[in-house]
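This report concerns only the one structure given below.
Numbering (the UniProt record's numbering), first residue to last: 1 to 128.
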């Protein structure tokens, strides 16, 4: 005889005391009870919640990955700008070192048409 024990959903099978054999219903096939509608509803709600959570988590993961890609592009752009700034700084430092030289300053002055008192400046134009 099959019966349900208390509030547990465990199915117990009793053997008949006289013969020691299993009851007829247990030997032919396993007894499957339909689920109570409340149990079905709870399972569907739980499944729905899990699906919503998994979809939300996947969407957040994709959104974060897109943000990471955008920030990596921005970082590469900033690094490129930084390297250009370093190159410009290096060029300007070299120019400052040249400007400290008296010979270079005289050369620039001659190019602009200046000279020392009593000095004549001749300009030669290249005609090609």
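Glycine included, each C-beta is placed from N, C-alpha and C at the ideal position.
Rounded to the nearest whole angstrom, the C-alpha separation of residue 62 and residue 54 is 12 Å. Collapsing the DSSP output to three states places residue 122 in coil. Per DSSP, residue 61 is one residue of the alpha helix (DSSP H) stretching across 37–99.
When secondary structure is reduced to three states using DSSP, residue 106 falls in the helix class.
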